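Colleague:
Number of protein chains: 2
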Amino acid sequence: MATVRSVILAGGQGARFWPISRKHRPKQFLSISSSGESLIQATARRIAPLSGKDHLYVVSNALLAPLIREHVPHARVISEPVARNTAASIGLAALYIEREDPKGVFACFPADHAVKDEGKLLAVLREAAGLAASHDVLVTIGIKPTFPHTGYGYMKRGQPIAGNGYQVSRFYEKPNLERAKRYYESGEFFWNSGMFVWRADVILQAFKEFMPALYQGLMRIRPVIGKPEEAKVTAEVFEGLEAISIDFGVLEHARNCALLAADHFGWNDVGSWDAWAENFRPDELGNLLHGDALVLDCRNCVVHSEKRFTAVIGAQDLVVIDAGDALLVCPRSHVQDVRRVVDELKKRGRDNLI
Amino acid sequence: MATVRSVILAGGQGARFWPISRKHRPKQFLSISSSGESLIQATARRIAPLSGKDHLYVVSNALLAPLIREHVPHARVISEPVARNTAASIGLAALYIEREDPKGVFACFPADHAVKDEGKLLAVLREAAGLAASHDVLVTIGIKPTFPHTGYGYMKRGQPIAGNGYQVSRFYEKPNLERAKRYYESGEFFWNSGMFVWRADVILQAFKEFMPALYQGLMRIRPVIGKPEEAKVTAEVFEGLEAISIDFGVLEHARNCALLAADHFGWNDVGSWDAWAENFRPDELGNLLHGDALVLDCRNCVVHSEKRFTAVIGAQDLVVIDAGDALLVCPRSHVQDVRRVVDELKKRGRDNLI
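Top line first, the protein sequences correspond to chains C and X. To convert, count from 1 in the first sequence and add 3; that's the working numbering. To convert, count from 1 in the second sequence and add 3; that's the working numbering.
#1: For a quick check, are the C-beta atoms of Phe312 (chain C) and Asp325 (chain C) less than 7 Å apart?
#2: Are any of the Cβ atoms in chain C nearer than 7 Å to that of Thr143 (chain X)?
#3: Please list, in chain order, all residues of the same chain as Phe283 (chain X) whose beta carbon is under 7 Å from its beta carbon, the five residues on each side excluded.
#4: Count Cβ pairs between the segment 190–201 of chain X and the segment 146–163 of chain X that sit closer than 8 Å; are there 3 or more?
#5: Less than 6 Å separating the Cβ of Ile35 (chain X) from some heavy atom of the ligand ATP?
#6: In whole angstroms, what is the alpha-carbon distance linking Asp139 (chain C) and Val345 (chain C)?
#7: Looking at C-alpha atoms only, which residue of X:Glu242, X:Ala110 and X:Glu181 is the closest neighbour of Asn88 (chain X)?
#8: Determine the contact status of Val338 (chain C) and Val323 (chain C), defining contact as a CB-CB distance below 7 Å.
#9: I'd like the span of the alpha helix (DSSP H) that includes Lys26 (chain C), first residue to last.
#10: Give the DSSP-derived three-state secondary structure of Gln339 (chain X) in the structure shown.
#11: If you compare alpha carbons, which of C:Ser336, C:Val61, C:Ala234 and C:Glu309 is closest to Phe32 (chain C)?
#12: In the DSSP assignment, find the unbroken beta strand (DSSP E) run with Tyr60 (chain X) in it and report its ends.
#13: For Gly317 (chain X), go through chain C and note every residue whose CB falls closer than 7 Å to its CB, in chain order.
#14: Run the CB neighbour count on Leu263 (chain C), radius 10 Å, all protein chains shown included, and call it buried at 16 or more, exposed below.
#15: Going by other Cβ atoms of all chains shown within 10 Å of its Cβ, with 16 needed for buried, is Phe150 (chain X) buried or exposed?
#16: Which same chain residues end up closer than 6 Å to His293 (chain X) when comparing Cβ atoms and leaving out the 5 residues on each side of it in sequence?
#17: Output the boundary residues of the alpha helix (DSSP H) element that contains Lys310 (chain X).
#18: When the Cα atoms are used, what is the spatial distance from Ser336 (chain X) to Asn303 (chain X)?
#19: Please identify the residue among X:Asn64, X:Arg28, X:Tyr99 and X:Leu59 whose C-alpha is closest to the C-alpha of Lys230 (chain X).
#20: For a contact meaning CB atoms closer than 8 Å, what does Arg311 (chain C) contact in chain X?
#21: Under 7 Å between the Cβ atoms of Phe210 (chain C) and Gly94 (chain C)?
#22: Which residues of chain X have a Cβ atom closer than 9 Å to the Cβ of Glu347 (chain C), listed in chain order?
#23: Can you give me the start and stop residues for the alpha helix (DSSP H) that Thr89 (chain C) sits inside?
#24: Looking at the strands, I want to know which residues DSSP matches up with Cys333 (chain X).
#25: Which residues bound the alpha helix (DSSP H) around Ala237 (chain X)?
#26: Hey, is Leu356 (chain C)'s beta-carbon within less than 7 Å of any beta-carbon in chain X?
#27: Going by beta-carbon coordinates alone, are Val298 (chain C) and Val315 (chain C) separated by less than 7 Å?
#28: Per DSSP, what are the beta-bridge partners of Pro226 (chain X) in this structure?
#29: Looking at Cys260 (chain C) and Val171 (chain C), is the spacing between their C-beta atoms short of 7 Å?
#30: Mind pulling the chain X residues with CB within less than 7 Å of Val61 (chain C)?
#31: For a contact meaning CB atoms closer than 8 Å, what does Arg343 (chain X) contact in chain C?
#32: Strictly below 9 Å CB to CB, what residues from chain C border Val323 (chain X)?
#33: Extract the residue ranges of the beta strand (DSSP E) inside the segment 239–299 of chain X, only unbroken runs of 3 or more that lie entirely within it.
#34: In chain C, which residues lie with their C-beta within 8 Å of the C-beta of Ser308 (chain X)?
#35: With a CB to CB cut of under 6 Å and the five nearest residues on each side skipped, what residues in its chain are close to Ile50 (chain X)?
#36: Out of X:Glu73, X:Pro226 and X:Ser63, point me to the one whose CA is closest to Ser41 (chain X)'s CA.
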């Protein structure tokens with residue numbers, strides 16, 4: 004098989020991981036395991052067998068470039084002047100890749116997911132790359148649901164293409180529990196993993212069709228890549244772009260979307276403190292303690308306290324995260340709202356806490 | 004009326020106010036109002052019209068003596084070598100007072116209560132002092148319940164003695180809600196305020212009868228008060244004493260207990276973080292925030308965060324208290340258990356956190 008390039012999308016702020024995740028050291032640079040390996044390091048290591056050392060790109064905010072070079076020294080860093088969500092990041096990466104191979108296949112990865120069965124992931128990615136190489140399709144890795152999760156987007160499987168590849172008959176946003184149950188029981192629905200595989204020419208064609216403003220901007224950048232004016236032109240273009248995800252901007256409109264149906268390979272999008280906790284084994288009462296913490300009469304609590312002593316008494320399903328200068332207390336049912344704290348801090352100009 | 008002496012019992016550790024209250028700066032030295040006045044300062048100021056500057060005693064652990072002199076410079080400090088609960092403290096104070104006046108009336112106050120109507124308190128104390136001067140009774144200030152509180156001990160009113168003075172027909176420990184309701188509805192029950200008024204000779208006689216070991220110890224100390232060997236003898240005696248409260252040791256057994264029935268004068272024993280919060284006005288959702296705190300979708304929460312920024316999301320009836328080096332998170336329903344954290348820290352030898 005021809006070279007499969009990999010693009011790690013590392014521009015996110017990880018606002019749902021406040022207060023540990025901060026603007027200048029967002030979630031992807033944090034570790035969730037006792038190995039000390041950061042999420043982005045783990046992502047790069049996992050896909051190394053696919054793309055080797057020479058074909059890994061990381062797209063991220065220019066401010067984070069030094070941190071990326073520290074964590075993933077072999078990556079080719081593509082710097083965004085401002086964050087404009089995943090469509091713009093992928094568009095920029097596509098320009099770099101088509102310069103090397105206009106029909107080059109590349110896979111896009113969030114920087115901050117966890118995967119347990121890495122061998123299975125690689126097999127899935129290789130099949131997806133084959134599908135993308137031989138068909139003009141936009142492939143999303145779809146994961147067979149193991150329970151009616153309300154925190155993920157879903158895709159419905161359409162006509163088979165080849166092997167585990169299917170057309171996507173429709174994308175669905177995060178459902179409520181009732182709908183999640185219907186999706187789960189039908190057997191036709193898959194979680195949208197946020198991992199994509201396609202050819203540079205195919206995704207650029209999709210931008211041209213569904214995001215013409217982004218496409219025009221990319222066409223301005225294309226001729227100056229590697230030239231002195233690249234940063235200036237990219238800054239001008241990005242300044243005027245809307246921040247739109249690849250899902251909303253392209254995939255929900257394109258008719259050539261495919262999904263690669265995968266059994267669950269221990270994938271976790273680590274999208275919240277609750278999901279983060281799933282990577283660890285709690286004690287027999289369901290409590291997960293990190294650092295200097297004491298719980299009395301507690302159940303299913305998550306306590307992360309590396310900078311001081313924390314005592315929690317008589318609580319259930321509570322998340323307590325201390326970062327030294329800032330503290331979060333929140334029931335597990337509200338972990339998706341953590342980004343609201345960051346929004347509020349922005350409003351109040353508390354930049355040192357963001 | 005003859006001089007009424009006052010004794011502030013300031014030996015408590017305030018373990019239920021961990022992590023703000025610590026062994027070397029317990030609760031009574033902390034402020035609960037915006038005035039910055041500590042609880043012990045407020046107590047001393049309130050009773051100044053009763054006892055003047057010259058007749059105020061503070062009994063406390065010897066280690067706290069410098070702090071007491073700082074907060075209440077005019078107090079006569081009686082140092083205990085080790086804490087042996089209120090019976091021993093009151094016994095020691097009685098020795099000092101009988102040296103000046105064997106039939107001297109004195110009032111005992113916890114150092115850490117809050118009172119809103121100070122004029123009413125003084126009137127109540129003066130009536131109690133008159134009762135104690137003219138009758139051989141052990142007077143407890145009883146407060147007419149304003150609701151079925153489960154956090155206080157109760158006293159049942161017996162035969163009238165004079166004015167608002169009644170015999171106590173029985174003391175009752177903290178009731179469950181059902182019993183608290185019966186007590187409240189009967190109209191015959193009063194909260195045990197922990198404020199006592201009696202003569203030195205009467206309480207010493209009660210010790211002789213119901214706590215003979217304590218009494219014998221006191222009789223060893225009596226002849227050496229003011230002499231070089233006082234500290235040594237007191238240390239020897241206290242070492243061998245059981246730690247017993249005046250309620251368990253004397254009042255529940257004595258037949259000459261009286262109560263002075265008082266209407267509620269805005270008294271609060273500040274016995275827990277929950278009771279502490281009652282001294283402040285919460286916002287319209289019942290949240291009480293001190294320091295740098297943000298709550299989103301919270302109700303009836305107490306957040307005290309003077310050393311860092313704290314965000315609480317989606318919580319109800321939760322207490323979050325940060326002390327810089329230690330943090331407490333606990334539902335309001337569990338605030339009485341805070342002392343268990345202190346016990347656990349003692350067990351683990353974490354002395355710097357106690």
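Virtual Cβ for every residue (Gly too), placed ideally from N, Cα, C. Quick caveat: nothing in here was measured; it's all calculated off a predicted structure.
Modeller: Looking at the coordinates:
#1: Contact flag unset, no.
#2: Thr143 (chain X) does not count as touching chain C.
#3: Answer for Phe283 (chain X): Leu291, listed in chain order.
#4: Between the segment 190–201 of chain X and the segment 146–163 of chain X, the count of C-beta pairs closer than 8 Å reaches three or more; the two stretches touch.
#5: With respect to the ligand ATP, the structure shown offers nothing to examine, as it has no ligands at all.
#6: Cα-Cα distance, rounded: 40 Å.
#7: Checked all of X:Glu242, X:Ala110 and X:Glu181; the closest Cα to Asn88 (chain X) is X:Glu242.
#8: No, these two residues do not count as a Cβ contact at 7 Å.
#9: Lys26 (chain C): not part of any alpha helix (DSSP H); DSSP gives it neither H nor E.
#10: In the structure shown, the three-state DSSP call for Gln339 (chain X) is helix.
#11: Nearest of C:Ser336, C:Val61, C:Ala234 and C:Glu309 to Phe32 (chain C), Cα basis: C:Val61.
#12: That run of the beta strand (DSSP E) goes Leu59 to Asn64.
#13: In chain order: Cys333, Pro334, Ser336, His337 and Asp340.
#14: Classification for Leu263 (chain C): buried.
#15: The residue in question, Phe150 (chain X), is exposed, as its Cβ has fewer than 16 Cβ neighbours within 10 Å.
#16: Answer for His293 (chain X): His307, listed in chain order.
#17: Residue range Val305 to Ile316 is occupied by the beta strand (DSSP E) that includes Lys310 (chain X), with no alpha helix (DSSP H) assigned at that position.
#18: Straight-line Cα distance between these residues: approximately 12 Å.
#19: Nearest option by C-alpha distance: X:Tyr99.
#20: Gly327, Asp328, Ala329 and Leu330, listed in chain order.
#21: Cβ atoms of Phe210 (chain C) and Gly94 (chain C): closer than 7 Å.
#22: Correct list: Leu297, Leu299 and Ala314.
#23: Unbroken alpha helix (DSSP H) run through Thr89 (chain C): Asn88 to Glu103.
#24: Cys333 (chain X) pairs with X:Val322.
#25: The sequence given here has Thr at residue 237 (chain X), not Ala. Thr237 (chain X) -> alpha helix (DSSP H) spans Glu233 to Glu242.
#26: Yes, because at least one Cβ of chain X sits closer than 7 Å to the Cβ of Leu356 (chain C).
#27: Yes. Within cutoff.
#28: DSSP lists no partner for Pro226 (chain X).
#29: Note that the C-beta distance between Val171 (chain C) and Cys260 (chain C) is below 7 Å.
#30: Within 7 Å Cβ-Cβ: nothing; Val61 (chain C) doesn't reach chain X, min ~30 Å.
#31: Going along chain C in sequence order, the residues near Arg343 (chain X) (Cβ under 8 Å) are Leu299 and Ile316.
#32: Residues of chain C whose Cβ lies closer than 9 Å to the Cβ of Val323 (chain X) are, in chain order, Val323, Leu330 and Val332.
#33: You should have 260–265 and 291–299.
#34: Those are Leu330, listed as they occur along chain C.
#35: Residues Ser9 of the same chain have their beta carbon placed closer than 6 Å to that of Ile50 (chain X), with the five preceding and five following residues left out of the count.
#36: Closest option to Ser41 (chain X), Cα to Cα, is X:Glu73.
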